[in-house]
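A.B. asks: 273 is the number that this note's numbering gives to position 268 of the sequence shown; each next residue is one higher, with no gaps.
I'd like to ask some things about the structure below.
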Amino acid sequence: MRQGHAVPQRTIRGAASLEGIGVHTGARVRVHIAGAPPGAGIVFSRRDVPEGAAIRAAVGAVRSTQRGVTLGNGVTVVSVEHLMAAAAGLGIDNLRVEVDGPELPALDGSAAGYVAALEEAGIVEQEEVARVIELGEAEVAVGQGHAVTRRAEDFRVSYTVDLPPPLGRQVATADLAVFPTAIAPARTWGFADEAEALRAAGLARGAGLDNVLVIGAAGYLNPPRFSDEPARHKILDLVGDLALLGARLQGYVEVVRGGHVLHLVLAREIARRWRDG
6 MRQGHAVPQR TIRGAASLEG IGVHTGARVR VHIAGAPPGA GIVFSRRDVP EGAAIRAAVG
66 AVRSTQRGVT LGNGVTVVSV EHLMAAAAGL GIDNLRVEVD GPELPALDGS AAGYVAALEE
126 AGIVEQEEVA RVIELGEAEV AVGQGHAVTR RAEDFRVSYT VDLPPPLGRQ VATADLAVFP
186 TAIAPARTWG FADEAEALRA AGLARGAGLD NVLVIGAAGY LNPPRFSDEP ARHKILDLVG
246 DLALLGARLQ GYVEVVRGGH VLHLVLAREI ARRWRDG
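Printed below as a string of structure tokens:
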């Protein structure tokens, strides 16, 4: 895997603050997002933890992939994937992210709120060149899921999700040009019959019909934004998870029956191939 096209790094001119409920903790939290200098990457910190260490978004900082991505460095921040996806989808490389609780707010369950906030803050180019990884031929698998990468002129994704009847198989494709309108609004989804078990495990305590697309025996329990919204949200998660590489990507990625675990296995394989030349 090689260095891709030369493009400038980007950050935001102003700042943005958002408030909401964490989908897993159920805690009300506020997040403040500001620009950062070239080469800083995306760095999280916890305002509620005295002298808490900064957490640079990176594959090596991942502490959990259980129903989301948790980053840590002494302290942890839960559910970073939607903000990471928003930044990557807009081509933003450097941000400072301060949160006053353990988890980023879920907002409406999608990345649309983060995209809107970053755009409103103003996206600006910086003097240094961004790191761009040109993807080569690679394949990884976890259980029944697998992912492949190939060379392409731009970053494009195809994602296949197998759902029970009547929804069945969904296949969504996208590139970053359509991310803000076609991918960012796609919400987290889950099955109605799993809700009780998730809450018993300390998860999904802030989940509800206002921030999750819920699937029941007869199909969607609340109105979908897209007929293939689950597959589109998987693309959103993938974009956010691969952003932990700290680089823009150039190439084609195809995933079948994946999730955060497979995404991080793929990210580590991309990093290994990049490191080994």
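Where a beta carbon is used, it is the ideal one built from N, C-alpha and C, also for glycine.
Does the distance from the C-beta atom of V162 to that of A182 stay below 8 Å?
C.D. replies: Here residue 162 refers to the residue found at position 157 of the sequence shown. Here residue 182 refers to the residue found at position 177 of the sequence shown. Result no, Cβ atoms of V162 and A182 do not sit closer than 8 Å.
A.B. asks: Report the partner residues of W279 according to the DSSP bridge assignment.
C.D. replies: For the purposes of this step, residue 279 is taken as the residue at position 274 of the sequence shown. Paired residues: none, contrary to the question.
A.B. asks: If I follow the unbroken alpha helix (DSSP H) through H238, where does it start and stop?
C.D. replies: Taking the first residue of the sequence shown as position 1, residue 238 is located at position 233. Start and end: E234 to L247.
A.B. asks: For I220 versus A197, is the C-beta spacing smaller than 8 Å?
C.D. replies: As a position in the sequence shown, residue 220 is number 215, starting the count at 1. As a position in the sequence shown, residue 197 is number 192, starting the count at 1. Against a cut-off of 8 Å, the Cβ pair of A197 and I220 comes out as a contact.
A.B. asks: Cutting at 8 Å between CB atoms, please list the residues of its own chain near A59, excluding the five before and the five after it.
C.D. replies: Here residue 59 refers to the residue found at position 54 of the sequence shown. Correct list, in chain order: V48, F49, S50 and N78.
A.B. asks: Tell me whether R1 sits in a helix, a strand or coil according to DSSP, three-state version.
C.D. replies: Residue 1 cannot be examined here, being either before or after the span of the chain that is shown, 6 to 282.
A.B. asks: Give every residue of the same chain whose Cβ lies closer than 8 Å to the Cβ of L140, excluding the five residues on either side of it in the sequence, and list them in chain order.
C.D. replies: The residue you call residue 140 lines up with position 135 of the sequence shown. Closer than 8 Å at Cβ, skipping near neighbours: M6, T154, R155, R156, A157, L254, Q255, G256, Y257, V258 and I275.
A.B. asks: Between the stretch 97-111 and the stretch 80-87, are three or more C-beta pairs nearer than 8 Å?
C.D. replies: A contact exists between the stretch 97-111 and the stretch 80-87.
A.B. asks: Could you give the distance in angstroms between the alpha-carbon of R144 and the alpha-carbon of P55?
C.D. replies: Start at 1 with the first residue of the sequence shown, and residue 144 comes out as number 139. Start at 1 with the first residue of the sequence shown, and residue 55 comes out as number 50. According to the sequence as given, residue 144 is Glu; it is not Arg. Distance between the alpha carbons of E144 and P55 is about 43 Å.
A.B. asks: Can you say whether V102 is buried or exposed, counting buried as having 16 or more other CB atoms within 10 angstroms of its CB?
C.D. replies: As a position in the sequence shown, residue 102 is number 97, starting the count at 1. Buried, since its Cβ has 16 or more Cβ neighbours within 10 Å.
A.B. asks: Can you list, in chain order, the residues of its chain whose CB lies under 8 Å from that of L168, leaving out five sequence neighbours each side?
C.D. replies: Here residue 168 refers to the residue found at position 163 when the sequence shown is read from its first residue. Result list for L168: R174, Q175, I220 and P235, in chain order.
A.B. asks: Taking just the CA atoms, how far does V67 sit from G73?
C.D. replies: Residue numbering aside, residue 73 sits at position 68 when the sequence shown is read from its first letter. Residue numbering aside, residue 67 sits at position 62 when the sequence shown is read from its first letter. For G73 and V67, the distance between alpha carbons rounds to 10 Å.
A.B. asks: Take T193 as the anchor and find which of H29, S22, A272 and R18 has the nearest alpha-carbon.
C.D. replies: Walking along the sequence shown from the start, residue 193 turns up at place 188. Comparing Cα-Cα distances from T193 to each of H29, S22, A272 and R18, the minimum goes to H29.
A.B. asks: Whole angstroms are fine: how far does the CA of A90 sit from the CA of V302?
C.D. replies: In the structure as shown, the chain starts at 6 and stops at 282, and residue 302 therefore has no counterpart that could be examined.
A.B. asks: Using 8 Å as the threshold, is the C-beta distance between G224 and P190 below it?
C.D. replies: On the sequence shown, residue 224 is found 219 positions in, with the first residue counted as 1. On the sequence shown, residue 190 is found 185 positions in, with the first residue counted as 1. In this structure, P190 does not lie closer than 8 Å to G224 by Cβ.
A.B. asks: Three-state secondary structure (DSSP) at F160?
C.D. replies: Working through the sequence shown from its first residue, we reach residue 160 at position 155. Three-state result, F160: strand.
A.B. asks: Please list, in chain order, all residues of the same chain as A21 whose beta carbon is under 7 Å from its beta carbon, the five residues on each side excluded.
C.D. replies: As a working note, residue 21 is residue 16 in the sequence shown. Within the same chain, A21 has close Cβ partners I38, A122, L123, E125 and A126.
A.B. asks: Could you please give the first and the last residue of the uninterrupted alpha helix (DSSP H) stretch that includes E199?
C.D. replies: Reading the sequence shown from its first residue, position 194 is the one you call residue 199. Where E199 is concerned, there is no enclosing alpha helix (DSSP H), given that its DSSP letter is neither H nor E.
A.B. asks: With a CB to CB cut of under 6 Å and the five nearest residues on each side skipped, what residues in its chain are close to H151?
C.D. replies: Translated into the one-based positions of the sequence shown, residue 151 becomes position 146. Excluding positions up to five away in sequence, the list reads V261.
A.B. asks: Going by DSSP in three states, T30 sits in which element: helix, strand or coil?
C.D. replies: Looking up residue 30 in the sequence shown gives position 25. The answer is coil: DSSP assigns T30 none of H, G, I, E or B.
A.B. asks: Could you compute how far the alpha carbon of G211 sits from the alpha carbon of A248?
C.D. replies: By 1-based counting over the sequence shown, the position of residue 211 is 206. By 1-based counting over the sequence shown, the position of residue 248 is 243. Each residue's alpha carbon lies about 25 Å from the other.
A.B. asks: Mind listing, in chain order, the continuous alpha helix (DSSP H) runs of no fewer than 4 residues lying wholly within the stretch 71-149?
C.D. replies: With a minimum length of 4 residues, the continuous alpha helix (DSSP H) runs that stay inside the stretch 71-149 are 86-94 and 117-126.
A.B. asks: For T81, count neighbouring C-beta atoms within 10 Å of its own C-beta (all shown protein chains included) and say buried if the count is 16 or more, exposed if not.
C.D. replies: Against the sequence shown, residue 81 aligns to sequence position 76. Result: buried.
A.B. asks: Bridge partners for D180 per DSSP, in chain order?
C.D. replies: What you label residue 180 is simply residue 175 of the sequence shown in a count that begins at 1. DSSP lists R161 as partners of D180.
A.B. asks: Nearest to G25 by alpha carbon, out of R35, G19 and T16?
C.D. replies: Here the question's residue 25 lines up with position 20 in the sequence shown. Checked all of R35, G19 and T16; the closest Cα to G25 is R35.
A.B. asks: Throw me the rounded Cβ distance for the L250 and V64 pair, which I believe falls under 8 Å.
C.D. replies: As a working mapping, residue 250 is identified with position 245 in the sequence shown. As a working mapping, residue 64 is identified with position 59 in the sequence shown. 6 Å between Cβ atoms; contact.
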